[in-house]
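Residue numbers (our numbering), protein chains in the order written: chain A, 36 to 332; chain B, 14 to 347.
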C-alpha cells in the first residue's frame with residue numbers, strides 16, 4: 036500500500052505550480068472543496084430536475100397524512116397540511132438557488148457601477164458615494180431587505196430585487212478598494228504613457244482586474260443572499276405561501292416544534308447544508324484563483 | 014508647427030531631447046509638521062541642462078535621491094518642469110505629449126519594475142499586441158506574426174506569447190518589456206534600471222541585447238542606472254547627477270578614465286573592481302534638498318572644497334573635448 040501512495044503523491048506536486056495540469060489536481064488537493072462541490076451540484080440537480088426527482092407534488096395536500104413523521108411513505112415526513120416535506124425541499128431548492136443567484140448578480144452589478152464610479156472619480160464624488168455606502172453598511176442587510184420589501188411588496192421577484200439592493204453596499208466597497216489598488220499599478224501608468232485613452236485603460240486594464248475578484252465575491256455571497264431571502268420568508272414578508280420556500284417551511288413548523296420537529300428541522304437542515312457547501316466552495320475558489328492569496332502576483 | 018511626425022522635424026544636428034535649466038519643485042510639508050498646511054518647495058531638479066543627440070546612447074548616473082526618476086518623468090512628459098524648458102525635437106515635451114500619440118509612439122519606456130509594468134491578467138502576446146493595435150503599427154491580421162518577430166528579436170521563443178508574466182523569470186520579463194517597448198517602432202528607448210536586480214549572467218545577456226538593438230535599429234538610448242560598469246559597457250555618453258543637477262557629462266570612457274568633478278571621481282572609486290579593494294567611501298550623506306547649502310551643493314562632502322566653493326554655485330561649463338563639468342576646481346584641468 037505504501038508503494039502505491041508513494042507513486043501517487045508526486046503527481047499533484049509538480050502540477051501545483053502553474054500550467055495546464057493545475058486544474059485537474061484541484062479535486063485531489065482539496066477534498067472538502069470536492070465534497071462541497073458535489074453537494075452543491077446535488078442541490079442544483081434537485082432544483083433542475085425537481086418534477087422527476089420529487090416523489091410527490093409539493094403543494095398536494097393530504098388529510099390522511101398530516102404531520103406524518105419520517106417513514107417509508109414520506110422519507111422526511113409531512114407538514115400540517117399533509118404536504119410531503121422532501122418534495123417541498125426539492126422544489127424549494129429552485130427558489131433558494133434562483134433567488135440567491137439573481138439577487139447576488141443585482142448586488143454585484145450595482146456594486147460594480149458604484150464602486151467603479153467612486154474609485155475612478157475620486158474627489159467629492161467618491162467622498163459622497165462612499166458616505167452613502169457607509170451609512171447603508173451600518174445596517175445589516177436583512178434590515179435593508181425588510182425596508183425594500185416594505186416599499187416593493189411581496190413576491191419572488193420583489194424578494195430578488197430587495198435582497199439584491201441590500202447587497203450593493205458591501206460589493207461597492209470591495210470594488211472601490213480593488214479599483215484604488217489597481218489604479219496606482221505600474222501597468223496603468225505604462226498604458227497612460229502609451230497615450231491610451233482613459234476609457235480604454237478602464238475597459239482593458241481596470242475592469243478585468245476588478246471583475247475577477249468580484250466574481251469570487253459573488254460565489255462567496257450567494258449563501259448570504261439565500262440566508263437573507265430565507266429570513267424574509269421566515270418573517271412572513273418574503274415569498275407567499277403555499278410556495279415551497281425553505282424559510283416559509285421553517286416558519287410554518289415553528290408552532291409544532293414540540294411534537295413534529297421534522298417540519299422545521301428538515302428544511303433548516305437543507306438550508307444549513309447548502310450554505311455550508313457554498314461557503315466552502317467560495318473559499319476554495321478564492322484561494323485557488325486569487326493571486327494575492329497564492330503568493331507573488 | 015506643420016510637422017507633427019516626430020521624424021520629420023529632426024535635423025541631424027538637432028538634439029532629440031534638450032533640457033534648458035529645467036527645475037522641478039515639489040510642494041511638500043516640512044518634516045515634523047503634521048497639522049500645519051504650510052508647504053515648502055522641494056527642488057527635485059534644479060537647473061538641469063542636458064542634450065541627447067539622435068542615435069546617441071546616454072547613461073544617466075546618480076545615487077538614489079539625485080533626481081534621476083524626476084528627470085525621467087519630465088523627459089517622458091509625465092511631469093511638467095516648474096521652470097526652464099524641456100524640449101523634444103525643439104518642441105516642449107508637454108505640448109508634444111498632448112498633441113497626440115506620435116510622441117508616445119516615438120519614445121518608449123522600459124520600466125525598472127518590468128513585471129509590474131505588464132497587466133498580470135494579460136498574456137505576453139496580448140501585452141505586446143496592445144501597442145501594435147493602439148498605434149496601428151501593422152494590420153490586425155499581421156499582429157500574431159509581428160508578436161513572434163518581436164519576441165524573436167529579444168531572444169524569446171514565439172510560444173512565450175501564450176504565457177503570463179507571473180510564470181516567467183526576471184530576465185524573461187525584462188525581455189518581454191523590451192519587446193513591448195519596441196512594438197511601437199520607437200526611435201528613442203528610455204530604460205530605467207533595466208538590468209538591476211538580476212544575476213550577472215542574465216544582466217550581461219540583456220546588456221548585449223540592448224547594445225545590439227541600439228546599434229542595429231539606430232535607437233537613441235537613454236539608460237538610467239546607478240551602476241558605472243553597466244553605463245560604460247552600454248553607453249557612449251554619460252551624465253552624472255548629484256542632488257537634482259547634472260554635475261558632469263561627456264564621453265563615458267573619457268569621464269570614467271579621468272573624472273573632472275570630485276563627485277564623479279568618488280563614484281568611480283566607489284565602484285568595486287575585482288582587483289582593487291573597496292576604497293574609502295564619501296564622508297557624510299547627501300544633504301536634504303529642503304536645506305541646500307549656499308555655494309556648491311557638493312562642498313560639504315568634497316575632499317577638494319576651497320573657500321569659494323561655499324559661496325559660489327558652479328555652472329556646468331565646457332571642460333575639454335565634448336565634456337562639461339560643474340565645478341570651480343575640477344580635477345585634471347585641461
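Beta carbons are placed, not taken as given, at the ideal position from N, Cα and C, and that holds for glycine. Keep in mind that this is a model prediction, so the values were computed, not measured.
Host beta strand (DSSP E) of residue 96 of chain B (start-end) = As a first step, residue 96 of chain B is located in the second chain; it is residue number 83 there, counting from the start. From DSSP, the beta strand (DSSP E) with residue 96 of chain B extends over 96-101.
task = Spell out whether any CB of chain B is found under 8 Å from the CB atom of residue 320 of chain A.
result = What you label residue 320 of chain A is simply residue 285 of the first chain in a count that begins at 1. Answer no: the Cβ-Cβ gap between residue 320 of chain A and chain B never drops below 8 Å.
key: Assumed close pair residue 210 of chain A, residue 264 of chain A - CB separation to whole angstroms, cut-off 8 Å   = Looking up residue 210 of chain A in the first chain gives position 175. Looking up residue 264 of chain A in the first chain gives position 229. Not a contact, Cβ separation roughly 23 Å.
task = Take every Cβ of the stretch 266-282 of chain B, pair it with every Cβ of the stretch 111-126 of chain B, and state whether three or more of those distances are shorter than 8 Å.
result = no
inquiry  = Please confirm whether residue 237 of chain A has its beta-carbon closer than 8 Å to some beta-carbon of chain B.
reply    = Counting from 1 along the first chain, the entry for residue 237 of chain A is found at position 202. Not closer than 8 Å to any Cβ of chain B, the Cβ of residue 237 of chain A fails to qualify, so no.
request  = Would you list, in sequence order, the uninterrupted beta strand (DSSP E) runs of no fewer than 3 residues that lie entirely inside the stretch 28-107 of chain B?
outcome  = 30-41, 53-65, 70-74 and 96-101
inquiry  = Check for me: the alpha helix (DSSP H) holding residue 302 of chain A runs from which residue to which?
reply    = Along the first chain, read from residue 1 onward, the residue named residue 302 of chain A stands at position 267. Here the alpha helix (DSSP H) through residue 302 of chain A covers 297-324.
key: Residue interval of the beta strand (DSSP E) (run including residue 264 of chain B)   = Taking the second chain and counting its residues from 1, the one referred to as residue 264 of chain B is at position 251. Membership of residue 264 of chain B in the beta strand (DSSP E) is indicated by the continuous run 258-264.
Close Cβ partners of residue 227 of chain A (< 7 Å) along its chain, the five nearest in sequence each way excluded = For this step, residue 227 of chain A is matched to residue 192 along the first chain. So the qualifying residues of the chain are 236.
inquiry  = With a threshold of 8 Å between beta carbons, is residue 32 of chain B in contact with chain A?
reply    = On the second chain, residue 32 of chain B is found 19 positions in, with the first residue counted as 1. Contact with chain A is absent for residue 32 of chain B, since none of that chain's Cβ atoms lies less than 8 Å from the residue's Cβ.
Residue 213 of chain A versus residue 242 of chain A - alpha carbon distance = In the first chain, counting from the first residue as 1, residue 213 of chain A sits at position 178. In the first chain, counting from the first residue as 1, residue 242 of chain A sits at position 207. Each residue's alpha carbon lies about 10 Å from the other.
ask   = Nearest to residue 107 of chain A by CA position, among A:174, A:121, A:180 and A:115, is which residue?
value = Residue 107 of chain A sits at position 72 when you count from the first residue of the first chain. Residue A:121 is the option with its Cα nearest to residue 107 of chain A.
message = If we define contact as Cβ-Cβ less than 8 Å, is residue 91 of chain B a contact residue for chain A?
response = Position 78 of the second chain, counted from the first residue, corresponds to residue 91 of chain B. Yes - at least one Cβ of chain A is within 8 Å of the one on residue 91 of chain B.
ask   = Based on the DSSP output, what are the partners of residue 298 of chain B in its beta bridges?
value = Translated into the one-based positions of the second chain, residue 298 of chain B becomes position 285. According to DSSP, residue 298 of chain B shares a beta bridge with no other residue.
request  = Keeping to the same chain, check which residues put their C-beta closer than 6 Å to that of residue 64 of chain B; ignore five residues upstream and five downstream.
outcome  = As a first step, residue 64 of chain B must be located in the second chain, where it is residue number 51. So the list reads 28 and 31, once near-sequence residues are dropped.
request  = Whole angstroms is fine: what's the gap from residue 198 of chain B's alpha carbon to residue 219 of chain A's?
outcome  = Taking the first residue of the second chain as position 1, residue 198 of chain B is located at position 185. Taking the first residue of the first chain as position 1, residue 219 of chain A is located at position 184. Whole-angstrom Cα-Cα distance: 27 Å.
request  = Assign residue 155 of chain B to one of two classes, buried (16 or more other C-beta atoms within 10 Å of its C-beta) or exposed (fewer than that).
outcome  = As a working note, residue 155 of chain B is residue 142 in the second chain. Exposed is the call here.
query = So, is residue 37 of chain A buried or exposed, given that buried needs 16 or more other C-beta atoms within 10 angstroms?
reply = The sequence position of residue 37 of chain A within the first chain is 2, counting from 1. Because residue 37 of chain A carries a pLDDT of 40, less than 50, the predicted location of this residue cannot be relied on, and no value is offered for it.
Proximity test, Cβ basis, 8 Å: residue 324 of chain A and chain B = Position 289 of the first chain, counting from 1, holds the residue named residue 324 of chain A. No - not a single Cβ of chain B is within 8 Å of the one on residue 324 of chain A.
task = Determine, using beta carbons only, whether residue 117 of chain B comes closer than 8 Å to chain A.
result = If you number the second chain from 1, residue 117 of chain B lands on position 104. At least one chain A Cβ lies under 8 Å of residue 117 of chain B.
request  = Could you tell me whether any non-hydrogen atom of the ligand SAM is closer than 7 Å to the CB of residue 271 of chain B?
outcome  = With respect to small molecules bound, the structure shown includes none, and the ligand SAM cannot be examined in it.
query = What number of angstroms, rounded off, separates the C-alpha of residue 325 of chain B from the C-alpha of residue 307 of chain B?
reply = Here the question's residue 325 of chain B lines up with position 312 in the second chain. Here the question's residue 307 of chain B lines up with position 294 in the second chain. Using only the alpha carbons, I get a separation of about 8 Å.
key: Extent of the continuous alpha helix (DSSP H) to which residue 292 of chain A belongs   = Taking the first chain and counting its residues from 1, the one referred to as residue 292 of chain A is at position 257. Neither: residue 292 of chain A is in no alpha helix (DSSP H) and is coded neither H nor E.
request  = Just tell me which of A:180, A:174, A:176 and A:149 has its CA closest to the CA of residue 165 of chain A.
outcome  = Within the first chain, numbered from 1, the residue matching residue 165 of chain A stands at position 130. Of the listed residues, the one whose Cα sits closest to residue 165 of chain A is A:149.
message = If distances are taken between C-alpha atoms only, which option among B:90, B:80, B:26 and B:328 comes closest to residue 69 of chain B?
response = On the second chain, residue 69 of chain B is found 56 positions in, with the first residue counted as 1. Per the Cα distances, B:26.
message = Let me check one thing: in DSSP terms, what residues is residue 330 of chain B bridge-paired to?
response = Reading the second chain from its first residue, position 317 is the one you call residue 330 of chain B. Under DSSP, residue 330 of chain B forms a beta bridge with B:338.
ask   = Grouping DSSP H, G and I as helix and E and B as strand, with all else coil, what is residue 235 of chain B?
value = One-based indexing of the second chain puts residue 235 of chain B at position 222. Strand.
ask   = Taking the Cβ atom as the reference point for each residue, do residue 225 of chain A and residue 301 of chain B lie within a distance shorter than 8 Å?
value = Working through the first chain from its first residue, we reach residue 225 of chain A at position 190. Working through the second chain from its first residue, we reach residue 301 of chain B at position 288. Cβ atoms of residue 225 of chain A and residue 301 of chain B: not closer than 8 Å.
request  = Alpha carbon to alpha carbon, how far is residue 135 of chain A from residue 70 of chain A? Give it in angstroms, no decimals.
outcome  = The count along the first chain starts at 1 and reaches residue 70 of chain A at position 35. The count along the first chain starts at 1 and reaches residue 135 of chain A at position 100. Looking at the two C-alpha atoms, the distance is approximately 21 Å.
query = Can you tell me where the alpha helix (DSSP H) with residue 178 of chain A in it begins and where it stops?
reply = Taking the first residue of the first chain as 1, we reach residue 178 of chain A at position 143. Its alpha helix (DSSP H) spans residues 176-187.
ask   = When you compare each of B:180, B:296, B:120 and B:200 to residue 135 of chain B by their alpha carbons, which one comes out closest?
value = The sequence position of residue 135 of chain B within the second chain is 122, counting from 1. It is B:180 whose Cα lies nearest to the Cα of residue 135 of chain B.
task = Determine the burial state of residue 94 of chain B: buried for a count of at least 16 other Cβ atoms within 10 Å of its Cβ, exposed for fewer.
result = Translated into positions along the second chain, residue 94 of chain B becomes position 81. By the Cβ-count criterion, residue 94 of chain B is buried, with 16 or more other Cβ atoms from all chains shown falling within 10 Å of its own Cβ.
key: 8 Å Cβ cutoff, residue 274 of chain B in contact with chain A   = Residue mapping note: residue 274 of chain B aligns to position 261 of the second chain, counting from 1. Chain A contact via Cβ: absent.
task = Name the two residues that bound the continuous alpha helix (DSSP H) containing residue 78 of chain A.
result = For the purposes of this step, residue 78 of chain A is taken as residue 43 along the first chain, with counting starting at 1. Note, residue 78 of chain A: alpha helix (DSSP H), 66-83.
ask   = Between the stretch 72-90 of chain B and the stretch 236-253 of chain B, are three or more C-beta pairs nearer than 8 Å?
value = yes
message = Looking at residue 129 of chain A: is its Cβ nearer than 8 Å to the Cβ of residue 163 of chain A?
response = Taking the first chain and counting its residues from 1, one reaches residue 129 of chain A at position 94. Taking the first chain and counting its residues from 1, one reaches residue 163 of chain A at position 128. Contact: no.
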